[in-house]
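Residue numbers (this note's numbering): 55 to 762.
Just so you know, even glycine gets a beta-carbon here, dropped at the ideal spot from N, CA and C.
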């Protein structure tokens with residue numbers, strides 16, 4: 055009934071297995087990829103005809119994690135998987151980016167890739183397994199895909215690169231100084247196609263070494279997929295790229311001069327208008343048959359690309375007049391918004407981000423329910439890209455994949471320089487509102503985010519800047535690396551290469567290639583050119599701020615204290631009664647964790663001190679010889695019981711009340727009266743012994759012998 059094909063290999067510490075022929079046999083290609091005990095089902099289907107008028111490649115990738123894979127039941131009211139999590143969205147993009155450029159040029163049939171996590175061993179991250187499985191499924195499906203690709207994750211400890219480190223090793227890197235890198239690389243046999251990373255001030259050489267190490271490690275995976283496909287791949291889909299050379303010649307003849315003049319305009323809005331007018335002029339010169347040709351859009355784009363790309367490579371001059379290494383003019387401002395905790399406006403050319411920082415307490419931490427378990431995050435970065443930022447009318451509201459991806463890139467770049475939670479016990483939320491965009495708004499978010507947090511008083515280890523690099527590749531000896539690319543250069547170029555970091559090293563690197571790949575030499579030059587640009591941008595940012603400013607008057611103050619873990623129950627009380635009383639009486643927010651770390655937060659310093667004193671009276675032990683303020687709670691024949699230390703009572707014997715003989719303690723004391731007492735010590739049964747007679751009841755000072 056089943057015609058099963060299975061191939062396996064030892065890869066690092068685990069066994070990698072590819073299997074097809076048993077499940078989802080009606081898909082064009084379906085592979086179950088397994089690494090260790092993590093399994094992902096990857097299914098590919100594609101339309102056999104192109105939709106009429108389709109002028110783009112409709113590739114859709116969906117990665118989904120099923121809670122049953124880790125033996126868990128989803129949270130929430132409905133108890134089923136709902137909208138994609140951030141991890142699922144980011145992994146979908148991770149799969150999409152390296153495979154998209156590898157489809158045959160001109161192929162515009164709809165392609166759907168669905169990757170479903172079936173089993174998760176909590177050791178091997180399913181994102182890498184999904185990338186490999188998707189590559190294998192595409193390779194055997196018959197779709198015109200010029201792969202396969204391989205993928206892996208790389209860590210970096212003590213100068214050594216680690217292949218596919220465990221999930222726990224990659225979690226919360228900020229608190230693991232020995233682990234300096236979380237890098238994902240995907241590539242073909244000959245070249246790297248995609249890089250995504252979170253780093254801790256790695257040098258350019260260390261980062262390039264990690265990328266090269268990853269490319270070496272994926273070679274056996276690619277060989278395994280090829281061997282696998284030789285046994286089970288379907289016949290290639292009969293697809294011939296359209297020949298629209300005659301149409302392109304007509305388009306070029308009608309509008310090359312107009313388009314060249316349009317691209318010579320340096321202002322974006324004027325250039326966009328001129329390009330649109332050139333397109334209309336070209337259409338007016340074409341025949342009805344040529345206008346109806348479904349390849350007209352491709353011919354137009356080819357003309358625009360040839361003009362932009364050819365001029366840059368030949369002359370080194372770009373469409374806005376810059377050379378290949380110049381960064382656009384930068385203006386940095388901080389403290390724009392009076393009631394926010396921190397704010398910055400970062401403008402680079404026609405790209406601008408208004409970035410706002412809010413400081414919160416432990417209650418504001420984000421709860422993340424992942425397959426590997428529930429955890430909290432005290433740093434969030436949210437990126438918004440409204441249509442007006444590019445002068446357009448468009449859909450507004452729901453956060454898209456692009457916004458999630460750009461926000462995560464900025465998050466990775468900045469979180470490497472955040473102070474430890476023990477030194478700065480705040481939840482930090484950064485929001486980047488992109489108000490103008492013409493190239494690399496994610497890097498503007500990094501620069502603005504760094505300034506905004508410093509404006510809020512966050513003691514960053516160092517400021518962070520980011521820059522987007524581009525590439526126009528005619529051949530291996532004829533290319534141009536572009537610093538601080540424009541939107542058009544990104545759209546019509548061959549590489550989007552974003553680098554962020556401090557003056558000491560790289561904190562994040564993201565690369566996407568639109569061609570067959572680039573050589574290590576080109577990547578080396580791009581990293582060096584990006585470093586020069588990053589240092590220049592950091593210098594421009596320094597005109598606004600170089601270190602953390604004054605702490606915002608509107609942000610909550612947080613004090614931390616450590617208590618013994620065996621005292622946690624006493625502070626919380628039965629059903630939370632004690633901690634609720636502390637919050638109500640003091641007016642401060644109180645948060646306590648399982649390690650006995652207590653955070654007390656309030657804009658009011660007196661409220662913080664009140665809560666601190668109340669907690670301290672519960673957990674601290676009274677010290678022999680110290681004087682305390684107490685209240686008489688009970689009077690008996692032989693003395694008075696005084697509540698002097700939280701809920702702790704002690705006996706003041708009648709002989710210790712005054713320096714004279716009393717008939718009864720009630721001669722000088724009454725219940726509810728406040729008195730000063732000195733702790734004499736503890737008797738054999740642990741009972742507290744207090745005294746009043748050696749303490750001045752007005753001042754609370756101990757009476758010395760001289761005064762007597």
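Nearest to residue i (by Cα), restricted to the options the options
i: residue 666; options: 58, 544 and 625; result: 625
i: residue 672; options: 615, 441 and 360; result: 615
i: residue 304; options: 340, 330, 386 and 598; result: 340
i: residue 113; options: 192, 487, 75 and 58; result: 192
i: residue 660; options: 696, 612 and 679; result: 612
i: residue 58; options: 675, 349 and 282; result: 282
i: residue 749; options: 739, 741, 726 and 734; result: 734
i: residue 417; options: 441, 458 and 483; result: 483
i: residue 549; options: 109, 246, 228 and 531; result: 246
i: residue 105; options: 234, 348 and 301; result: 348
i: residue 393; options: 693, 719, 608 and 72; result: 608
i: residue 408; options: 453, 363, 322 and 495; result: 495
i: residue 331; options: 342, 318, 344 and 312; result: 312
i: residue 178; options: 87, 563, 300 and 654; result: 87
i: residue 365; options: 270, 546 and 697; result: 546
i: residue 730; options: 698, 713 and 285; result: 698
i: residue 287; options: 83, 308, 300 and 301; result: 83
Residue j beta carbon less than 9 Å from that of residue i
i: residue 56; j: residue 111; result: no
i: residue 525; j: residue 591; result: no
i: residue 538; j: residue 464; result: no
i: residue 336; j: residue 354; result: yes
i: residue 606; j: residue 510; result: yes
i: residue 559; j: residue 254; result: yes
i: residue 357; j: residue 310; result: yes
i: residue 502; j: residue 398; result: yes
i: residue 743; j: residue 704; result: yes
i: residue 258; j: residue 237; result: no
i: residue 315; j: residue 328; result: yes
i: residue 221; j: residue 184; result: no
i: residue 536; j: residue 378; result: yes
i: residue 118; j: residue 91; result: no
i: residue 584; j: residue 518; result: no
i: residue 387; j: residue 443; result: no
i: residue 710; j: residue 693; result: yes
i: residue 610; j: residue 676; result: no
i: residue 218; j: residue 65; result: yes
i: residue 533; j: residue 367; result: yes
i: residue 204; j: residue 273; result: yes
i: residue 176; j: residue 426; result: yes
Cβ separation of residue i and residue j, assumed to be a contact under 8 Å, to the nearest whole Å
i: residue 169; j: residue 187; result: 6 Å
i: residue 617; j: residue 650; result: 5 Å
i: residue 195; j: residue 94; result: Actually they are not in contact, since the Cβ atoms of residue 195 and residue 94 sit about 16 Å apart, beyond 8 Å.
i: residue 385; j: residue 401; result: 5 Å
i: residue 589; j: residue 508; result: That pair is no contact at about 18 Å.
i: residue 70; j: residue 228; result: With a Cβ gap of about 30 Å, residue 70 and residue 228 do not count as contacting.
i: residue 727; j: residue 686; result: 5 Å
i: residue 581; j: residue 248; result: Actually they are not in contact, since the Cβ atoms of residue 581 and residue 248 sit about 16 Å apart, beyond 8 Å.
i: residue 468; j: residue 435; result: 7 Å
i: residue 199; j: residue 156; result: 6 Å
i: residue 497; j: residue 516; result: That belief does not hold up - the Cβ atoms of residue 497 and residue 516 are roughly 17 Å apart, past 8 Å.
i: residue 116; j: residue 146; result: 6 Å
i: residue 645; j: residue 411; result: Wrong, their Cβ atoms sit about 20 Å apart, outside the cutoff.
i: residue 128; j: residue 137; result: Rounded, the Cβ-Cβ distance is 12 Å, inconsistent with contact.
i: residue 4; j: residue 189; result: Given a span of 55 to 762 for the chain in the structure shown, any question on residue 4 remains unanswerable.
i: residue 681; j: residue 732; result: 5 Å
DSSP beta-bridge partners of residue i
i: residue 336; result: The partner list for residue 336 (beta bridge, DSSP) is empty, contrary to what the question assumes.
i: residue 402; result: 384 and 405
i: residue 421; result: 430
i: residue 465; result: Answer is none; residue 465 lacks a bridge partner.
i: residue 728; result: 685
i: residue 550; result: 524 and 566
i: residue 277; result: DSSP lists no partner for residue 277.
i: residue 532; result: 529
Beta strand (DSSP E) runs wholly inside the stretch 81-169, at least 3 long, in chain order: If we require 3 residues or more, the beta strand (DSSP E) runs fully inside the stretch 81-169 come out as 83-89, 92-100 and 113-119.
Length-filtered (4 minimum) alpha helix (DSSP H) runs lying within the stretch 188-236: Here the runs fully enclosed are 221-224.
Completely contained alpha helix (DSSP H) runs for the stretch 657-710, where each covers 4 or more residues: As for any alpha helix (DSSP H) of minimum length 4 sitting wholly inside the stretch 657-710, the runs are 659-673, ordered along the chain.
Any alpha helix (DSSP H) of 4 or more consecutive residues that is wholly inside the stretch 266-312: Taking only runs of at least 4 residues, the alpha helix (DSSP H) segments lying wholly in the stretch 266-312 are 273-286.
Beta strand (DSSP E) runs wholly inside the stretch 548-634, at least 3 long, in chain order: Listed in chain order, the complete beta strand (DSSP E) runs (minimum 3 residues) inside the stretch 548-634 are 549-555, 560-567 and 611-616.
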